[in-house]
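Participant:
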Amino acid sequence: MIIRPRRLRKTKTLREMVRETSLSIKDFIYPLFVKYGKGLKDPIVSMPGQYQFSADAIAKEAADIWGLGIPSVILFGIPQKKDALGSESWAAEGVVQRAVAAIKEKVPGMVVMTDVCLCEYTDHGHCGAIKDGRVDNDETLELLARQAVSHVRAGADFVAPSDMMDGRVGAIRAALDREGFTEAGILSYAVKYASAFYGPFREAADSAPQFGDRAGYQMDPPNALEAIKEAILDIEEGADMIMVKPALPYLDIIRRVREESLIPVAAYNVSGEYAMLKAAAEKGWLDGERAMMEVLTSIKRAGADLILTYFAKEAALILNKNRM
Ligand code: PBG
């Protein structure tokens, strides 16, 4: 007798009945870039279909995103002026702070997250304060906490520290609680690798380091046990959700972190993952839509509960269409 797995693949309906993983619009968190100015929607060349918005224009975009069923956005700010400490990042009237307030006013139900980091705001492009040519961990904690508090004061529901300093989740949690923001959550970029796949983002956010690289604080790509250690530490420090980043080259890490953790695990389908697929599709080398859905499904199958992705709107359109 031949065992025949193909029986379950015979028709579309049957395949849908036995499907093990399903992608939902509610899984998506959409990254948005915000900068100074009025009425701006400037295309990001290396990320076709993505834009830098001014704070006034971003609320309308958020309303469109919400209208598609996408529950959440994460904001990245491009400041007017950079300095050694990235002080504009905690300005009450900074770009992110204004964008958060504008979105909350127009779309109150949306879960608004903010990226907490200094690299976009420092003139040297590193994710913290520099001392003797190195990013000083403990001095940076205070700056990150200040930034996180200012985002939450503007209305952010979650802050997402992406700097990879040791102890920052605990420092941010303590600062938020001290200010009375006990309800604000932390989505920690717990497992963030020093990856080449952030290339297009650094153009979009103007955040490339001006000397050296980030290997002294972001994780070494060959390491997996260290990912579990980082995840556990951030959970102990009070993270409400944790993230693995990038997603595609680290599907094994997503799976392992999912199995070790009792809180939601997000994965960041980063700019380089987006750009390479878009570029190949543009050349006609692959079917962009199918490849996108396959990639997103693979991240979910690996164990991610949530996916930060520039594909959120496109994928939502397809998921909405399939439902009808
Ligand atoms: C840093 C930050 C980066 C990304 C998110 N937050 C870049 C970096 O660490 O250099 C990358 C996101 C992407 O590539 O889509 N604050």
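In terms of my numbering, the sequence shown opens at residue 853 and continues consecutively.
All C-beta atoms in this analysis are idealised placements derived from N, C-alpha and C, irrespective of residue type, glycine included.
1. Which partner residues does ALA1118 have in the DSSP bridge list?
2. Compute the beta-carbon to beta-carbon distance between GLY980 and THR992, rounded to the nearest angstrom, for a pair I have assumed lies under 8 Å.
3. Here's the rule I'm using: 16 or more other beta-carbon atoms within 10 Å means buried, otherwise exposed. How should SER906 be labelled?
4. Cα separation between ALA951 and ALA1046?
5. Indicate whether at least one CB of chain D lies closer than 9 Å to the CB of ASP1157.
6. Here's a check: name, in chain order, each residue in its chain whose Cβ is nearer than 7 Å to the Cβ of GLY891, leaving out the five neighbours to either side.
7. Based on Cα-Cα distance, which residue from HIS976, LYS958, GLY919 lies nearest to SER1059?
8. If you follow the beta strand (DSSP E) that TYR882 is in, where does it begin and where does it stop?
9. Which residues count as close to the ligand PBG when the rule is a CB under 5 Å from any of its heavy atoms, in chain order?
10. What's the gap between the Cα of VAL947 and the Cα of TYR888?
11. Run through the region 938-997 for me and flag every whole beta strand (DSSP E) of 3 or more residues, listed as ranges in chain order.
12. With distances taken between CB atoms, is the gap from ASN1121 to VAL1147 smaller than 9 Å?
13. May I ask you to report which of helix, strand or coil DSSP gives SER924?
14. In terms of DSSP beta bridges, what is GLN904 paired with?
15. Can you say whether GLN1062 is buried or exposed, counting buried as having 16 or more other CB atoms within 10 angstroms of its CB?
16. Could you check if GLY1037 is buried or exposed, using at least 16 other CB atoms within 10 Å of its CB as the buried criterion?
17. Please identify the residue among SER874, ILE855, PHE1053, LYS878 whose C-alpha is closest to the C-alpha of TYR1126.
18. Near GLN999, what residues of its chain come up, given a Cβ to Cβ distance below 7 Å and the 5 sequence neighbours on each side ignored?
19. May I ask you to verify whether the region 1088-1097 touches the region 1132-1145, counting CB pairs closer than 8 Å and requiring at least 3?
20. So what's ASP1060 in DSSP terms, helix, strand or just coil?
21. Is LEU1039 helix, strand or coil when you go by DSSP?
22. Pull up the distance between the alpha-carbon of SER898 and that of ARG859, whole angstroms please.
23. Per DSSP, MET1071 is paired with what?
24. Excluding the five sequence neighbours on either side, which residues of its own chain have a C-beta within less than 6 Å of the C-beta of GLN904, listed in chain order?
Facilitator: Judging by the given coordinates:
1. Looking up residue 1118 in the sequence shown gives position 266. According to DSSP, which records beta bridges pairwise, ALA1118 is partnered with MET1095, LEU1158.
2. The count along the sequence shown starts at 1 and reaches residue 980 at position 128. The count along the sequence shown starts at 1 and reaches residue 992 at position 140. Confirmed, Cβ separation roughly 3 Å.
3. Stepping through the sequence shown from its first residue, residue 906 is reached at position 54. Classification for SER906: buried.
4. Against the sequence shown, residue 951 aligns to sequence position 99. Against the sequence shown, residue 1046 aligns to sequence position 194. In this structure, the straight-line span from the alpha carbon of ALA951 to that of ALA1046 is close to 29 Å.
5. The structure shown contains no chain D, having only a single protein chain.
6. Here residue 891 refers to the residue found at position 39 of the sequence shown. Around GLY891: SER906, ASP908, ALA909.
7. Position 207 of the sequence shown, counting from 1, holds the residue named residue 1059. Answer by Cα proximity: HIS976.
8. Numbered from its first residue, the sequence shown carries residue 882 at position 30. Taken as a continuous stretch (DSSP letters only), the beta strand (DSSP E) holding TYR882 covers 880-887.
9. CYS969, CYS971, SER1014, TYR1050, PHE1053, VAL1122, SER1123
10. On the sequence shown, residue 947 is found 95 positions in, with the first residue counted as 1. On the sequence shown, residue 888 is found 36 positions in, with the first residue counted as 1. The alpha-carbon atoms of VAL947 and TYR888 are separated by roughly 6 Å.
11. 963-968
12. Residue 1121 sits at position 269 when you count from the first residue of the sequence shown. Residue 1147 sits at position 295 when you count from the first residue of the sequence shown. Yes, Cβ-Cβ distance for ASN1121 and VAL1147 is below 9 Å.
13. On the sequence shown, residue 924 is found 72 positions in, with the first residue counted as 1. Looking at SER924 - three-state DSSP - the assignment turns out to be strand.
14. On the sequence shown, position 52 is the one that residue 904 refers to. Answer is PHE885, ASP894, bridged to GLN904.
15. For the purposes of this step, residue 1062 is identified with residue 210 of the sequence shown, where counting begins at 1. The residue in question, GLN1062, is exposed, as its Cβ has fewer than 16 Cβ neighbours within 10 Å.
16. Looking up residue 1037 in the sequence shown gives position 185. Answer is buried; the Cβ neighbour count reaches 16.
17. As a working mapping, residue 1126 is identified with position 274 in the sequence shown. Nearest C-alpha to TYR1126 among SER874, ILE855, PHE1053, LYS878: PHE1053.
18. For this step, residue 999 is matched to residue 147 along the sequence shown. Answer for GLN999: SER941, TRP942, VAL968, listed in chain order.
19. Flag = no, the region 1088-1097 and the region 1132-1145 do not touch.
20. Locating residue 1060 in the sequence shown gives position 208, counting from the first residue. Before going on, a small fix: residue 1060 reads as Ala here, not Asp. ALA1060 falls in the coil class under three-state DSSP.
21. Sequence index remark: in the sequence shown, residue 1039 carries index 187 (1-based). Of the three classes helix, strand and coil, the one that applies to LEU1039 here is strand, per DSSP.
22. What you label residue 898 is simply residue 46 of the sequence shown in a count that begins at 1. What you label residue 859 is simply residue 7 of the sequence shown in a count that begins at 1. Between the alpha carbons of SER898 and ARG859 lies a distance of about 44 Å.
23. Locating residue 1071 in the sequence shown gives position 219, counting from the first residue. Note: MET1071 sits in a beta bridge opposite TYR1045.
24. Within the sequence shown, numbered from 1, the residue matching residue 904 stands at position 52. Cβ neighbours of GLN904 beyond the five flanking positions: PHE885, LYS887, ASP894.
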